[in-house]
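A.B. asks:
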Amino acid sequence: MLKRITAMVPVFLGAVFLCSAQETKIYTHDQKEYQDALALYHNEQYQAAQSIFSRVKESTNDLETKANSAYYEANAAVRLNQLGADRLMEDFVEKYPTSTKRNSAFADVAEYYFETGKYPYALKWYNKVDQGALSRKEMDKFNFNYGYSLFSSGKQKEAERYLQKVENSQVYGSQAKYYQGYIAYQQDDYETANQRFDEIKDPEILEEKMDYYQADMNFKLGKFEEAIALAKRQLAKGDRNEKSELSKIIGESYFNLGQYANAIPYLEDYKGKRGKWNNTDFYLLGYSYYKQGDYVNAIQQFNKIIDGTNSVSQNAYYHLAECYLKLDKKQEALNAFRNASQMDFSPEIQKDANLNYARLSYEVGNAYEPVPQVITDYLSKYPNDSHTEEMQNLLVDSYITSKNFEGAMALLEKNKNYASKETYQKVAYYRGLELFMNDEYAAAAQNFQKSLDNAENSLFKARASYWKAEAEYLLNNYNAALSDYLDFKSNPSAQNTEEFKDLSYNLAYTYFKLKDYGNAIGSFSDFTSQNTSNTQKLYDGYLRLGDSYFVTSKYWPAIETYNKALALTGPEKDYAAYQKAISYGFVDRRDSKIEELRSFVSKYSRSTLKDDALFELANTLVSAGQEQQGLQTYDRMINEFKGSSLVPQAMMRQGLVHYNANRNDQALSKFKSVVHNFPNTQEAIQAVSTAKLIYVDMGRVDEYAQWVKGIDFIEVTDSELDNATFESADKQNLEGKKDAAIKGYEKYIEQFPNGLNSVKANFNLAQLYFAKGDKEKALPYYQFVADKSGSEYAEQSLTRVCEILIGKQDYATALPYLQRLEAQADIQQNRTFAQSNLMKGYYEQKDYNKTLQYAEKVLATPSIDNRIKSDAHIMIARSAIATGNEAKAKSAYATVLTIATGATAAEALYYDAYFKNQDQDYEASNISIQKLAKDYSSYKEWGGKGLIIMAKNFYALGDAYQATYILDSVITNFSQFPEVVTEAKSELSIIKAKEAQSNSSVRTDGQ
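Quick note on the working numbering: the sequence shown kicks off at 1 and runs consecutively.
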């Protein structure tokens, strides 16, 4: 370090290079002022002197006086540290180039900055000095000052050149050699440094320099004992900072000599650079404690090493880990070993740290990475290590015993050779199950797929298919779920699993979510017919089966199914009862609906649906002409459910009943109650609107105007009311409150049938009803939008209208819409949809020529999927059947069979069996029917029809028992398909009649 030797730094108290001659006395006024200013300047009264010099410079005509005044003015500015002082001096030099004070100016300013310790500023002005104009004595002083300024400015190489010029000077020699020696010391050139220091004769400098540098240089040269001796000698006379540095030299010297006990007290006495230690300092003391077996103190030093990224830090972390192990702190040791293992300064330490990190990870666990991955990384990095077998054993054991399937998968993904394919299959399956239980369904599905991709064990393959289906279902990927469920179902090992008992139930729900209600009905029917143990699931199955019938407008089967649910125990019996009651309304059994709703209100007095039931009951009573009972029921609902959102609606309905019955005063009373009790609601706005009509009808407009003056929320324009009403409904929709949104949109449409937002309101309302499966209610709203040409929702609405009408098999109404869609559709998919259904519509109209025409259009469309192609071939086949062209039908159905799926495939398979029966290939016909029954069991109508063919086949093969048994079964189990049952009965009657001719036991009377 550089100890500032104040005795060495010359202090100059004047302008060294100024002329010493006295100024000639002149008695003019200007020169008197000049002399006064000069006196003030020499007395260091720079501010006053500067002011006078400035005045003299401007007033005098004497060029020398003017120049001298400018010189002293600038010099005073320098000493006053004024802004622009340098510029003043430069102006002086520029304006008075012949002045005798030119060189003195440069030197004087330079020396001033030198005296004040501003060495970079001094250098600037020393560079301007004309060295050739200096005397030898002045030159020595210049060289030392310039050299020291360079030294202090960090330009040590340049400094040496000037200091060398005065190294033999009696005045400056010792100082020059001192700084040259220090420069060599800083550059680690200790021989040159020692040589320079040894040449110093000045005792004052020798006293200052002393043993510190020699001790430090001996330490750096590895002469630790000499360093210790010199440093200890210097300790007694050094200042606080120097003692700290000397303690460091002594402590580190003892450390390097392996004398750790001796090192500790000196290392502890070290105060650090600017009061701070570095990582190496902590390491030296920590390691000294470690070597003494003092692990507690060693840890206290080692654990202060932060952000270490060098070899010292790697050593420190490794020894810190060892200290923790000595104190049985294994988790802490794991962290330290991990840190050391991540550095590669010492390969030996890194390897041993890795080994211990792996061992500890296995022993205590690892929060950073899977334990098998840690062990695998070790094996990968050190493949031929003597610990390989140990690590492999730990690896296998780690994920088997800890069930760390995440770690196992990470391991096996990189090293599949570590396990058999079957082991990988099982680990992937269990990892998938683990993720599934943690609700991480996407990751679970990925792992189940990996298990399936490596399937060796049939049982685990079945389970992976099942649980992948479950995960896909919960991710709303219902098509993928269905495929996986069917894969599970088709796996022979599936029946040996616990999961198999839930298959029909899960399949049914998947179909339900896919809105494939036909298959949902089939699967729920299968489940409810097979399940006897789990009453709760059976109950739920009946509920959803009922819902499936309900949304497909098969209300009678829905009612029967809801009855089955009501016969069981379940938490939603009120829901079943309510749905049953509502279903009666759709089959024109209004009296039954009223009876069921009354029963519901009585039986489920605490149901959350009770207000809905009362409201619906009141509506139905009113529509049935039982006006008084309806009004009373509204009153009951209002009184019992004051907080229900239906209350204002009920009051509005009451008002409307009175209004329609011309009981205007009673209607007004109800409407005013709505406004009073439910202000700022849509019902209140509607009430005001309807009341206005009454007042107008009665000719009491003034009375209406007086009334609405007191209603603050009604002071809006029609346009504002329109927008407000729509926005209210839209807000409910955006917030996911679908039922409230429906009511809001209906109110808006009722109030503003052709309002500003009518198209969007009708469309949104239609979408909500459609999403609920209530397509019948959605239809008129879609029609409204479809009829508004130019709307952004027109094409979609037109498509939905067609879809709903087709779903109702109402092709007569659908055809004009389909024709419009074909002509107007911008989306090819919608155009193809229109053409495909026009084909079906004309088939329903028995216009077989147009059916074939559109079938050819569809088949000519590029890039259509197989489902649509199969539909076209089906239409060709059906038209051929209808016109008696069975050869063409047979060919068309054969094509369908190669590309179709689902119901179309079931139909094609049925006809395959049919034509084989016609060809008297009875056994082959039966094989097709068996396939139909196995692969397409959910398409029960085709299955039932197929069974009739099978019965014919068996009868033709001489097996009357099989034939009659099958037909009896069809009659018993396919009641939801009356036409199938009728055909079965007819065929059974024919067979029995024939058999009765030879068998008296055969009864033909239907008993």
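Backbone N, C-alpha and C fix where the C-beta goes; we use that ideal spot for every residue, glycine too.
Pull up the DSSP beta-bridge partners for Lys276, would you.
C.D. replies: In the sequence shown, counting from the first residue as 1, residue 276 sits at position 276. For Lys276, which the question treats as bridged, DSSP gives the partners Lys273.
A.B. asks: Evaluate Met437 with the Cβ neighbour count: other Cβ atoms within 10 Å of its Cβ, from every protein chain shown; 16 or more gives buried, anything less gives exposed.
C.D. replies: Here residue 437 corresponds to residue number 437 of the sequence shown, with the count starting at 1. By the neighbour-count rule (16 or more Cβ atoms within 10 Å), Met437 is not buried but exposed.
A.B. asks: For Tyr505 and Asp774, what's the separation of their Cα atoms in angstroms?
C.D. replies: Counted from its first residue, the sequence shown places residue 505 at position 505. Counted from its first residue, the sequence shown places residue 774 at position 774. Their Cα atoms are separated by approximately 24 Å.
A.B. asks: Tell me the residue span of the alpha helix (DSSP H) that contains Thr832.
C.D. replies: Within the sequence shown, residue 832 is the residue found at index 832, counting from 1. Element bounds for Thr832: Gln828 to Glu844.
A.B. asks: Under the three-state reduction of DSSP, which class applies to Ala21: helix, strand or coil?
C.D. replies: Mapped onto the sequence shown, residue 21 falls at position 21. For Ala21, the pLDDT reaches just 34, beneath the cut-off of 50, and the residue's location in the model is therefore unreliable, although a value from the coordinates is still provided. The answer is coil: DSSP assigns Ala21 none of H, G, I, E or B.
A.B. asks: Can you tell me whether Thr569 is helix, strand or coil according to DSSP?
C.D. replies: The residue labelled residue 569 in the question sits at position 569 within the sequence shown. Correct three-state label for Thr569: coil.
A.B. asks: Quick one: is Leu988 near chain D, going by C-beta distance under 8 Å?
C.D. replies: Going by chain labels, chain D is absent from the structure shown, which holds only one protein chain.
A.B. asks: So is Gly698 buried or exposed if we call it buried at 16+ other beta carbons inside 10 Å?
C.D. replies: Your numbering for residue 698 matches position 698 in the sequence shown. The identity of residue 698 in the sequence shown is Met, whereas the question assumes Gly. It is exposed - the Cβ of Met698 has fewer than 16 other Cβ atoms within 10 Å.
A.B. asks: How about Leu609 and Ala576: are their beta carbons less than 8 Å apart?
C.D. replies: Along the sequence shown, one-based indexing puts residue 609 at 609. Along the sequence shown, one-based indexing puts residue 576 at 576. No, they are not a contact pair.
A.B. asks: How about Tyr34 and Leu80: do their beta carbons lie closer than 8 Å?
C.D. replies: Translated into the one-based positions of the sequence shown, residue 34 becomes position 34. Translated into the one-based positions of the sequence shown, residue 80 becomes position 80. No, Cβ-Cβ distance for Tyr34 and Leu80 is not below 8 Å.
A.B. asks: Measuring CB to CB, does Tyr112 end up less than 8 Å from Tyr126?
C.D. replies: Position 112 of the sequence shown, counting from 1, holds the residue named residue 112. Position 126 of the sequence shown, counting from 1, holds the residue named residue 126. No; because the gap between Cβ atoms is not below 8 Å, this pair is not in contact.
A.B. asks: Please report the distance separating the alpha-carbon of Gln649 from that of Tyr704.
C.D. replies: The residue you call residue 649 lines up with position 649 of the sequence shown. The residue you call residue 704 lines up with position 704 of the sequence shown. In a straight line, the C-alpha of Gln649 is about 22 Å away from that of Tyr704.
A.B. asks: Within 10 Å of its beta-carbon, does Val701 have 16 or more other beta-carbons around it, so buried, or fewer, so exposed?
C.D. replies: For the purposes of this step, residue 701 is taken as residue 701 along the sequence shown, with counting starting at 1. Label assigned to Val701: exposed.
A.B. asks: What's the C-alpha gap between Met1 and Arg55?
C.D. replies: Taking the first residue of the sequence shown as position 1, residue 1 is located at position 1. Taking the first residue of the sequence shown as position 1, residue 55 is located at position 55. Reliability fails at Met1, whose pLDDT of 34 lies under 50, so the model's placement of it is uncertain and the value that follows must be treated cautiously. Rounded to the nearest angstrom, the two C-alpha atoms are 51 Å apart.
A.B. asks: Report yes if the CB atom of Tyr659 is closer than 8 Å to the CB atom of Thr690, and no otherwise.
C.D. replies: For this step, residue 659 is matched to residue 659 along the sequence shown. For this step, residue 690 is matched to residue 690 along the sequence shown. Contact flag set, yes.
A.B. asks: Would you list, in sequence order, the uninterrupted beta strand (DSSP E) runs of no fewer than 3 residues that lie entirely inside the stretch 281-320?
C.D. replies: none
A.B. asks: Assign Gln22 to buried or exposed, taking buried as 16 or more other Cβ atoms, counted over all protein chains shown, within 10 Å of its Cβ.
C.D. replies: Counting from 1 along the sequence shown, the entry for residue 22 is found at position 22. Here the model assigns Gln22 a pLDDT of 38, short of 50, so the residue's position is not dependable, and the following value carries that caveat. Exposed: under 16 other Cβ atoms inside 10 Å.
A.B. asks: Would DSSP call Met139 helix, strand or coil?
C.D. replies: Working through the sequence shown from its first residue, we reach residue 139 at position 139. Helix.
A.B. asks: Mind checking Ile1065: buried by the 16 CB within 10 Å criterion, or exposed?
C.D. replies: As displayed, the chain neither begins before 1 nor continues past 1007, which places residue 1065 out of reach and without an answer.
A.B. asks: Quick one, are the C-beta atoms of Ala900 and Ser870 less than 8 Å apart?
C.D. replies: On the sequence shown, residue 900 is found 900 positions in, with the first residue counted as 1. On the sequence shown, residue 870 is found 870 positions in, with the first residue counted as 1. Yes, Cβ-Cβ distance for Ala900 and Ser870 is below 8 Å.
A.B. asks: Mapping the DSSP letters down to three states, classify Gln920 as helix, strand or coil.
C.D. replies: Your numbering for residue 920 matches position 920 in the sequence shown. Three-state DSSP puts Gln920 in coil, outside helix and strand.
A.B. asks: How would you call Ser420, buried or exposed, if buried means at least 16 neighbouring beta carbons within 10 angstroms?
C.D. replies: Numbered from its first residue, the sequence shown carries residue 420 at position 420. It is exposed - the Cβ of Ser420 has fewer than 16 other Cβ atoms within 10 Å.
A.B. asks: Could you check if Pro372 is buried or exposed, using at least 16 other CB atoms within 10 Å of its CB as the buried criterion?
C.D. replies: Along the sequence shown, one-based indexing puts residue 372 at 372. Burial call: buried.
A.B. asks: With a threshold of 6 Å on Cβ separation, who are the neighbours of Ile559 within its own chain once the five nearest residues in sequence on each side are excluded?
C.D. replies: As a working note, residue 559 is residue 559 in the sequence shown. Answer for Ile559: Lys580 and Ser583, listed in chain order.
A.B. asks: Report yes if the CB atom of Ala122 is closer than 8 Å to the CB atom of Phe144, and no otherwise.
C.D. replies: Taking the sequence shown and counting its residues from 1, one reaches residue 122 at position 122. Taking the sequence shown and counting its residues from 1, one reaches residue 144 at position 144. No, the Cβ-Cβ distance between Ala122 and Phe144 is not below 8 Å.
A.B. asks: DSSP three-state call for Ile949: helix, strand or coil?
C.D. replies: By one-based count along the sequence shown, residue 949 stands at place 949. The answer is helix: DSSP assigns Ile949 an H, G or I state.
A.B. asks: Give the C-beta separation of Leu932 and Leu897 to the nearest angstrom, bearing in mind that I take them to be a contact with Cβ-Cβ under 8 Å.
C.D. replies: Your numbering for residue 932 matches position 932 in the sequence shown. Your numbering for residue 897 matches position 897 in the sequence shown. That pair is no contact at about 11 Å.
A.B. asks: Rounded to a whole number of angstroms, what is the C-alpha to C-alpha distance between Lys304 and Pro265?
C.D. replies: Position 304 of the sequence shown, counted from the first residue, corresponds to residue 304. Position 265 of the sequence shown, counted from the first residue, corresponds to residue 265. About 18 Å.
A.B. asks: Going by alpha carbons, who is nearest to Gln628 out of Ala661, Glu640, Lys642 and Met950?
C.D. replies: What you label residue 628 is simply residue 628 of the sequence shown in a count that begins at 1. Ranking the options by Cα distance to Gln628, first place goes to Ala661.
A.B. asks: So, Met89 versus Ala110, is the Cβ gap smaller than 8 Å?
C.D. replies: Residue mapping note: residue 89 aligns to position 89 of the sequence shown, counting from 1. Residue mapping note: residue 110 aligns to position 110 of the sequence shown, counting from 1. Cβ atoms of Met89 and Ala110: not closer than 8 Å.
A.B. asks: Going by DSSP in three states, Ile990 sits in which element: helix, strand or coil?
C.D. replies: Taking the first residue of the sequence shown as 1, we reach residue 990 at position 990. Of the three classes helix, strand and coil, the one that applies to Ile990 here is helix, per DSSP.
A.B. asks: List the whole-angstrom C-beta distance separating Ile949 from Ala924, where the pair is believed to meet the contact cut-off of C-beta under 8 Å.
C.D. replies: Stepping through the sequence shown from its first residue, residue 949 is reached at position 949. Stepping through the sequence shown from its first residue, residue 924 is reached at position 924. For Ile949 against Ala924, the beta-carbon gap comes to about 12 Å, at or over 8 Å, which does not count as contact.
A.B. asks: May I have a chain-ordered list of the beta strand (DSSP E) segments no shorter than 3 residues that lie completely inside the stretch 351-412?
C.D. replies: none
A.B. asks: How close, in whole Å, do the beta carbons of Asp487 and Ser465 come, if the pair is a contact with beta carbons under 8 Å?
C.D. replies: Within the sequence shown, the letter at position 487 stands for residue 487. Within the sequence shown, the letter at position 465 stands for residue 465. At roughly 4 Å, the Cβ-Cβ gap stays under 8 Å, so Asp487 and Ser465 are in contact.
A.B. asks: Check each candidate in Gln536, Gln495 and Asn477 and name the one with the smallest Cα separation from Phe512.
C.D. replies: Counting from one through the sequence shown, the residue named residue 512 turns up at place 512. Closest by alpha carbon: Asn477.
A.B. asks: Where does Ala76 fall in DSSP's three states?
C.D. replies: Working through the sequence shown from its first residue, we reach residue 76 at position 76. Here Ala76 sits in helix by DSSP.
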